[in-house]
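Structure, as structure tokens:
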Amino acid sequence: MNRMALEEYKGVYIYAQQVDNKLGNIDFELLGKAKDLAKDLNTDVTAVLIGSGIKDLADELAAYGADRVIVVDDPQLKEYRTEPYAHALASVINKYKPEIMLVGATAIGRDLGPRVSARVATGLTADCTKLEIGDFPLNPVEGKEQKHNQLLMTRPAFGGNTIATIACPNHRPQMATVRPGVMQAIDRIDGAKAVIEEYNPGFEPNNKYVEIVDIVKSVVDTVDIMDAKILVSGGRGVGSPENFKILEDLAEAIGGEVSCSRAVVDSGWKPKDLQVGQTGKTVRPNVYFAIGISGAIQHVAGMEESDIIIAINKDETAPIFEVADYGIVGDLNKIVPELTKQILALKAAKA
Amino acid sequence: MKIVVCIKQVPDTKGGVKFNPDGTLDRGAMLAIMNPDDKAGLEAALRLKDEYGAEVTVVTMGLPKADEVLREALAMGADKGILVTDRVLGGADTWATSSTLAGAIRNLEYDLIITGRQAIDGDTAQVGPQISEHLDIPVISYAQNIKIDGENVIVERQYEDRYHVLKAKMPCLITALSELNEPRYMTPGGIFDAYDAEVTVWGRADLKDVDDSNLGLKGSPTQIAKASDKVRKGAGEVVKLDPQESVNYIMSKLTEKHII
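Taken in order, these protein sequences are the chains called A and B.
Numbering-wise (my numbering), the first sequence opens with residue 1 and increments by one.
Numbering-wise (my numbering), the second sequence opens with residue 1 and increments by one.
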């Protein structure tokens, strides 16, 4: 794109994902980040809301920071299907020309994002964990124009072994999918209103419209520790199966799940599907509590990509402290229940 | 039925990660394996071949040594291998990669294209859906179960809390999860034959209906501003405090990081 064409693109947009006509945390997280970016660019935030009978959700988006909501409402959009949703979002992009388009890196967003980016012929950076406005190249390079006010998109790759910062200097919109649970939503502003615009590009079913034969919702009985944002993981140091209660209480207080080390499974204290490590599951939660876990290399291999690792162990030479962001040498039986108590107290104070 | 499977040779992430001076990955310097999700996609194709009869063609884009994963695929039971390799294709982002693969696939007949959901080096999950867009066919991502019903394919498409049973008219592109199946081993006879088998090699000139402006580093809308090895964890703090202070310490960190 030439400079003139690039400059036509304005505003920070988010794709407001709804499932069963309900918004999710990812929408508010995207709005929170979009607001930061819009401030830096001196522009405003638009949410693109796509579905059937979803107009009522616009106020909720306004409450979390949307200045404007573009509503694409059509019976073809009742359930998520790649083609009509891609058509809707791509049509909005072509008509309204956003400078930045953010999509949640969810099972929907990671399908919709690439399809839309290919349709509007722009770049897409996957699963970003940090977004900021800056210069590209980061530092001036002789003979190369340094562009200002670019979206710099940072993401892990190589299974978390590397971090890359990506720019999309010559195409618009600058598109990113954003990892859930990373960005901060703003506090809800009751009564906030957004400008609402309805837009329907028309939906003509074609070969790309797939048919939904059935929808099977999973019954939540067993949790998948790989999906947990917070894991409270216990090792042999917890002492007994009964004593896992203090970990379960902490998990419940903080909104996490309990997992464990191999030693715990081998002792028959917990089922295999809660095991983290080389012979168990590889997890990457936002927070991983390693409680009474020594940190054998086989365990570490399954959790070292966690964003924040908090280890509690009475043995200060335990290898877990080598991978922990925050290590606490101490008695888990004293620390864990008190921690639970304080989290609950804080929650009660906030409510 | 004709099935095209896209596979990628990826560095085994258990090995070290190396970069070129320009910030792109130095793939030549790392150990290489067939990407796990792609292998699941290949296995899914081979099972369809076993059940319904199909010709399975594997396509890869990469350095000349990516020939290795094609031979592995042939040894598992694929019928043909195509290596797309050319200097001008190097440094491609997902847009340029999908443009390249679409350009190769336009030369082939297909009812079904299967790709892995994502590669363990890039973790983007973008190339499959982007190929489908370039070819103007439906995509079903995150496939759990694949069945053929006449001219349609029926697939379970996984979401966080549910799955949709989807029916799409072929041709269609499916992205496979490594949880989909347990890939078969190469057979000894297969390995022997694969060693001698002829792998088709295509370069830039063999790609159909793709403009130069969509290929390689120059045709990539996204550009790397900075890349680095992630600083290994372990530079963290270890404190030894009394229980109450320990709790205060954890609370302060959880608050600071917006966890609570």
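Ideal placement from N, C-alpha and C gives every residue a C-beta, glycine not left out.
Residue 187 of chain B counts as exposed, since fewer than 16 other beta carbons sit within 10 angstroms of its beta carbon. Residue 111 of chain B is a Cβ neighbour of residue 170 of chain B, given a cutoff of 9 Å. Of all residues in the region 190–224 of chain B, only 214, 220, 221, 222, 223, 224 place a beta-carbon less than 9 Å from a beta-carbon of chain A. Within a 10 Å sphere around the beta-carbon of residue 223 of chain B sit 16 or more other beta-carbons, which makes this residue buried. Cβ-Cβ separation between residue 52 of chain A and residue 74 of chain A: approximately 6 Å, consistent with a contact (criterion under 8 Å). For the region 86–102 of chain B, the set of positions with a beta-carbon nearer than 9 Å to some beta-carbon of chain A reads 93, 94, 95, 98, 99 in chain order.
Under the three-state reduction of DSSP output, residue 349 of chain A falls in the helix class.
Residues of the region 105–126 of chain B with a C-beta less than 7 Å from any C-beta of chain A: 120, 121, 122, 123, 124, 125, 126, listed in chain order. Uninterrupted alpha helix (DSSP H) stretches at least 4 residues long and entirely within the region 22–89 of chain A occur at 25–41, 58–63, given in chain order. From the beta-carbon of residue 150 of chain B, no residue of chain A is found nearer than 8 Å; the closest lies around 13 Å away.
Distances from the CA of residue 81 of chain B to each of B/147, B/3, B/122, B/31 were compared; the closest alpha carbon is that of B/3. A Cβ-Cβ separation of about 4 Å places residue 226 of chain B in contact with residue 165 of chain A under the 8 Å criterion. Of all residues in the region 331–347 of chain A, only 331, 334, 335, 338, 339, 342, 343, 346 place a beta-carbon less than 7 Å from a beta-carbon of chain B. Contact with chain A is found for residue 168 of chain B, since one of that chain's Cβ atoms lies less than 9 Å from the residue's Cβ. At a beta-carbon threshold of 8 Å, the residues of chain B lying near residue 169 of chain A are 223, ordered along the chain. Partner residues in a beta bridge of residue 319 of chain A, as assigned by DSSP, do not exist.
Residue 217 of chain A reaches chain B at 161, 162, counting residues in chain order whose Cβ is nearer than 8 Å. Residue 4 of chain B has a beta carbon lying at 9 Å or more from every beta carbon in chain A.
Beyond the five residues adjoining it in sequence on each side, residue 126 of chain B comes within less than 6 Å, by CB distance, of 94 in the same chain, given in chain order.
Using beta-carbon distances, residue 178 of chain B does not count as an interface residue toward chain A, since no partner is under 9 Å. DSSP, reduced to helix, strand and coil, places residue 31 of chain B outside both helices and strands of the structure shown, so it counts as coil.
Per the C-alpha coordinates, the member of B/116, B/164, B/198 positioned closest to residue 174 of chain B is B/116.
Between the alpha carbons of residue 61 of chain A and residue 101 of chain A lies a gap of roughly 16 Å. Counting the other Cβ atoms within 10 Å of the Cβ of residue 139 of chain A gives fewer than 16, which makes it exposed. Take the alpha-carbon of residue 150 of chain A and the one of residue 79 of chain B: they are about 46 Å apart. Boundaries of the alpha helix (DSSP H) harbouring residue 256 of chain B: 243–256, taken from the DSSP string.
Residue 95 of chain B: member of the alpha helix (DSSP H) spanning 94–105, first to last residue. Interface criterion not met: the Cβ of residue 52 of chain B is under 9 Å from no Cβ in chain A. Between the region 126–136 of chain B and the region 96–105 of chain B there are three or more inter-stretch CB-CB distances shorter than 8 Å, so the stretches are counted as touching.
By the criterion of a C-beta distance shorter than 6 Å, residue 303 of chain A is surrounded in its chain by 276, 283, 288, once the five residues flanking it on both sides are discounted.
Using a Cβ-Cβ cut-off of 9 Å, residue 291 of chain A does not count as an interface residue toward chain B, since no Cβ of chain B sits closer than that to its own.
Neighbours of residue 140 of chain B across chain A, judged by C-beta separation under 7 Å: 210.
By a beta-carbon distance limit of 8 Å, residue 54 of chain A contacts residue 21 of chain A. Their separation comes to about 6 Å. Taking C-beta atoms as the reference points, residue 343 of chain A and residue 250 of chain A count as a pair closer than 9 Å. Residue B/9 holds the alpha-carbon nearest to the alpha-carbon of residue 31 of chain B among B/47, B/9, B/243, B/219. One Cα belongs to residue 15 of chain A, the other to residue 117 of chain A, and the distance between them is close to 13 Å.
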